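Colleague:
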Amino acid sequence: MVVKSIFFCIVLWFLSLNFFQENPCDVVSQYPQWAAFFLRGAVVLLFVAVMTALKKDFIKKVSYAVVITGVTEAVLSLLQLYGFAEPRHGIFRQTGTFYNPGPLGCYLAFALPLALKEFLSAENKTIKYVSGIALFVMLTALPSTMSRTAWIAAFAASGYVFWNMTTVSEKIKKHLTLTSVISAVLVCAVLFFGLWKIKSASADGRLFLWKISCLAIEDKPVTGHENFSGAFGKFQEKYFSQPGNLETDDVFNAATPDYAFNEVLDFTVRNGIVKTAVLVFVFVYLTVMAHKRKLYGECAAMLAFGICAMTSYPLHIPALTAALLTVSAAVFSHIYNAEKRYFLPLFFAFLSVAFLMNYPAKNDLKKIEKLWLTAKVSGDLSKYQELYIGGFENARFLFEYGQLLDKHDINPTSILEKCLLLTADPMPLNIIGRWYQKEKNFLEAEKCFLRARFRNPSRLYPEYLLYCLYDEPEFFNAEKRKQQYEIIINKKIKIDSPAVREMIKKVEENESVK
């Protein structure tokens, strides 16, 4: 009993790590080493779970831990929604301990079927009552996250639990007719159309994002590109540089994402098809085995995670990754009982070592975080230089360093070229082009500004820089300047801002003078 209690506390602590980070979701993109920390912790937890192979009620302890954290997230998000607590992002009213409502919705969708399983299967009235309250709280918080992916995942996972743990399936089969099937299909089609219509621009953007991701996979199907955002920027630039593509609606869908919003595509871009196939196989195997062992709540949670992974980025969120691997550990410990205990500890010990070797902690994270924050606040170039010499390479850091060098009138080209390998953002190209223009190397400046245009044609700034370049007395081109003027005046603005309006105003004033 003591061992089980201690292990339950360890699981609960592991799932609650999100609560102790000031900015838990953003930390992965800023400090990739944090992802390594969570993965190492997850592997150790998985190893311990398999070694321990506690009795069947161990899986209930894991369910309770996930539901507890899910309810906590739901309560906190509702307090934020009604103004009793501060969200973790200035734009959104409801985030839980996450950085935006999307991951919050995915976490609630993951925890919800586990609570439903306990509610339907519990013989103890207290557990049934508490599970019912947990269900109600999470269902109350879920709709306001406005995460369509989470809604679909929660609906599918809950439907799966109802189908397998109640007599709903028998009743449906008994009254199944062609008319009812057609009606159900039509209702689902209308619902999906409605969900698409709520945020149609977002849905179209993701479809285009996946299209460019597939181009990156096609280029390196086996080895992958290591960094998703850098590869995406490169192939988006290549796509829009082809004749005719700048005249399509895809221009409005162009973006500079950190993730593919599809974990299979994201992982394939970074690691290649072979590693992705292994990852998908393990996930599907665990889900199928959970179904066969009648672990319906755990199977439904993994199903919800899989649905979220198709249109979101749960594997990039430490809390969601921890939750998935904890439930996976519980499924493993249930499947492989004491009779099969001898082989698995050795296998997972080897797996743990492999993870430790593949995710080395190269930097002292606390020191990096403190030094970077100090450098940001003070604008001290020497501190950025210290981090850079120390081998810290991150897209945001490199861009900030390049901007600071630019302000100090030091050529940042080498730094920003490294930055371009890690980000899809065209801004590094804009700064590099401005330096070429300053050095009177106008042809190279033009190449940079054109690349910036193709890298994200929804942006106005590269067009403005090209207009200014063609207005240079030493590189004057009246025809091209006129073309740029027409592009700027007629361009559909994706995100309006004072800077955008100022650029348009300057161009109009300049043309009126000419």
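Each residue of the sequence shown is one higher than the one before, counting from 1 in the working numbering. Glycine is no exception: its CB is placed at the ideal position from the N, C-alpha and C atoms. Here the structure is a predicted model, which means the values were calculated and not measured.
When the Cα of Ala203 is compared with those of Asn262, Lys234 and Trp163, which residue comes out closest?
Modeller: Translated into positions along the sequence shown, residue 203 becomes position 203. It is Asn262.
Colleague: On a CA-only basis, which of Pro103, Phe110, Arg88 and Lys376 is nearest Leu325? Give me that one, please.
Modeller: In the sequence shown, the residue the question calls residue 325 occupies position 325. The residue with the shortest Cα to Cα distance from Leu325 is Phe110.
Colleague: Short of 6 Å in beta carbon distance, which residues of its chain neighbour Tyr464, apart from the five on each side in sequence? Order them along the chain.
Modeller: By one-based count along the sequence shown, residue 464 stands at place 464. Excluding residues within five positions, the ones whose Cβ falls inside 6 Å are Met503.
Colleague: Rounded to whole angstroms, what is the Cα-Cα separation between Leu116 and Asn100?
Modeller: Translated into positions along the sequence shown, residue 116 becomes position 116. Translated into positions along the sequence shown, residue 100 becomes position 100. If I take the Cα positions, the gap works out to 25 Å.
Colleague: By the three-class DSSP mapping on this structure, what secondary structure does Phe550 have?
Modeller: Past the edges of the chain, shown from 1 to 514, lies residue 550, and the structure says nothing about it.
Colleague: For Val507, tell me which candidate among Ile493, Pro498, Ile495 and Ile489 has the shortest Cα-Cα distance.
Modeller: Here residue 507 refers to the residue found at position 507 when the sequence shown is read from its first residue. Answer by Cα proximity: Ile489.
Colleague: Which residues in the same chain as Pro412 place their Cβ atom closer than 6 Å to its Cβ, once the five residues preceding and following it in sequence are excluded?
Modeller: Here residue 412 refers to the residue found at position 412 of the sequence shown. Excluding positions up to five away in sequence, the list reads Gly402, Leu405 and Asp406.
Colleague: If we count Cβ pairs, one from each stretch, closer than 8 Å, do we get three or more for the stretch 245-262 versus the stretch 212-229?
Modeller: Taking 8 Å as the limit for Cβ pairs, the verdict is that the stretch 212-229 does touch the stretch 245-262.
Colleague: Using the Cβ count rule (16 or more neighbours within 10 Å means buried), how would you classify Asp266?
Modeller: Residue mapping note: residue 266 aligns to position 266 of the sequence shown, counting from 1. By the neighbour-count rule (16 or more Cβ atoms within 10 Å), Asp266 is buried.
Colleague: Less than 7 Å between the beta carbons of Leu142 and Leu108, yes or no?
Modeller: On the sequence shown, residue 142 is found 142 positions in, with the first residue counted as 1. On the sequence shown, residue 108 is found 108 positions in, with the first residue counted as 1. Result yes, Cβ atoms of Leu142 and Leu108 sit closer than 7 Å.
Colleague: When DSSP labels each residue in this structure, what does Arg270 get in the three-state scheme?
Modeller: Position 270 of the sequence shown, counting from 1, holds the residue named residue 270. Residue state, collapsed to three classes: helix.
Colleague: Since Pro113 and Ala300 are thought to touch, with beta carbons under 8 Å apart, how far apart are those beta carbons, to the nearest angstrom?
Modeller: For the purposes of this step, residue 113 is identified with residue 113 of the sequence shown, where counting begins at 1. For the purposes of this step, residue 300 is identified with residue 300 of the sequence shown, where counting begins at 1. So it is a contact: roughly 3 Å between Cβ atoms.
Colleague: Counting only runs that start and end within the stretch 251-333, where is the alpha helix (DSSP H) found for 4 or more residues in a row?
Modeller: Those alpha helix (DSSP H) runs which fall completely within the stretch 251-333 and span 4+ residues are 263-271, 273-292 and 296-311.
Colleague: Between the Cα of Ala231 and the Cα atoms of Gly272, Gly205 and Val251, which residue gives the shortest distance?
Modeller: Counted from its first residue, the sequence shown places residue 231 at position 231. It is Gly272 whose Cα lies nearest to the Cα of Ala231.
Colleague: Going by DSSP in three states, Ile133 sits in which element: helix, strand or coil?
Modeller: In the sequence shown, counting from the first residue as 1, residue 133 sits at position 133. In this structure, Ile133 counts as helix in the three-state DSSP scheme.
Colleague: When you compare only the Cα positions, how much space is there between Lys370 and Phe228?
Modeller: Here residue 370 corresponds to residue number 370 of the sequence shown, with the count starting at 1. Here residue 228 corresponds to residue number 228 of the sequence shown, with the count starting at 1. Spanning the two alpha carbons is a distance of roughly 27 Å.
Colleague: Run through the stretch 388-449 for me and flag every whole alpha helix (DSSP H) of 4 or more residues, listed as ranges in chain order.
Modeller: Counting whole runs of 4 or more residues, the stretch 388-449 contains the alpha helix (DSSP H) stretches 395-407, 413-420 and 427-438.
Colleague: Please state whether DSSP places Gln483 in a helix, a strand or coil.
Modeller: In the sequence shown, the residue the question calls residue 483 occupies position 483. Gln483 falls in the helix class under three-state DSSP.
Colleague: Quick one: any contact between the stretch 281-295 and the stretch 141-158, if contact means 3 or more CB pairs under 8 Å?
Modeller: Because the criterion of three Cβ pairs below 8 Å is not met, the stretch 281-295 and the stretch 141-158 do not touch.
Colleague: Go ahead and label Tyr129 buried or exposed: buried means 16 or more other beta carbons lie within 10 angstroms of its beta carbon, across all protein chains shown.
Modeller: On the sequence shown, position 129 is the one that residue 129 refers to. With fewer than 16 Cβ atoms within 10 Å of its Cβ, Tyr129 is classed as exposed.
Colleague: I need the DSSP call for Ser147, collapsed to helix, strand or coil.
Modeller: Mapped onto the sequence shown, residue 147 falls at position 147. Three-state DSSP puts Ser147 in coil, outside helix and strand.
Colleague: Grab the span of the alpha helix (DSSP H) containing Lys117 for me, first residue to last.
Modeller: Working through the sequence shown from its first residue, we reach residue 117 at position 117. From DSSP, the alpha helix (DSSP H) with Lys117 extends over Pro101 to Ser121.
Colleague: Using alpha carbons as the reference points, say which of Trp435, Phe475 and Ile493 lies closest to Tyr461.
Modeller: Start at 1 with the first residue of the sequence shown, and residue 461 comes out as number 461. Of the candidates Trp435, Phe475 and Ile493, the one whose C-alpha sits nearest the C-alpha of Tyr461 is Ile493.
Colleague: Does Pro243 come out as helix, strand or coil in the three-state DSSP assignment?
Modeller: Counting from 1 along the sequence shown, the entry for residue 243 is found at position 243. Three-state DSSP puts Pro243 in coil, outside helix and strand.
Colleague: Going by other Cβ atoms of all chains shown within 10 Å of its Cβ, with 16 needed for buried, is Gln242 buried or exposed?
Modeller: Along the sequence shown, one-based indexing puts residue 242 at 242. So Gln242 counts as exposed.
Colleague: Would you mind giving the Cβ-Cβ distance between Gly224 and Val264, rounded to the nearest angstrom? I have them listed as a contact below 8 Å.
Modeller: Indexing the sequence shown from 1 puts residue 224 at position 224. Indexing the sequence shown from 1 puts residue 264 at position 264. With a Cβ gap of about 13 Å, Gly224 and Val264 do not count as contacting.
Colleague: Tell me which residues share the same chain as Pro457 and place their Cβ nearer than 7 Å to its Cβ, disregarding the 5 neighbours each side in the sequence.
Modeller: On the sequence shown, position 457 is the one that residue 457 refers to. Excluding residues within five positions, the ones whose Cβ falls inside 7 Å are Phe240, Leu246, Val251 and Ala254.
Colleague: Determine the direct distance from the alpha carbon of Thr374 to that of Glu446, and round the result to whole angstroms.
Modeller: Residue numbering aside, residue 446 sits at position 446 when the sequence shown is read from its first letter. Residue numbering aside, residue 374 sits at position 374 when the sequence shown is read from its first letter. Taking the straight line joining both Cα atoms gives about 36 Å.
Colleague: Apart from the five residues just before and just after Thr256, which ones in its own chain have a Cβ nearer than 6 Å to its Cβ?
Modeller: On the sequence shown, residue 256 is found 256 positions in, with the first residue counted as 1. Closer than 6 Å at Cβ, skipping near neighbours: Ala424, Asp425 and Asn456.
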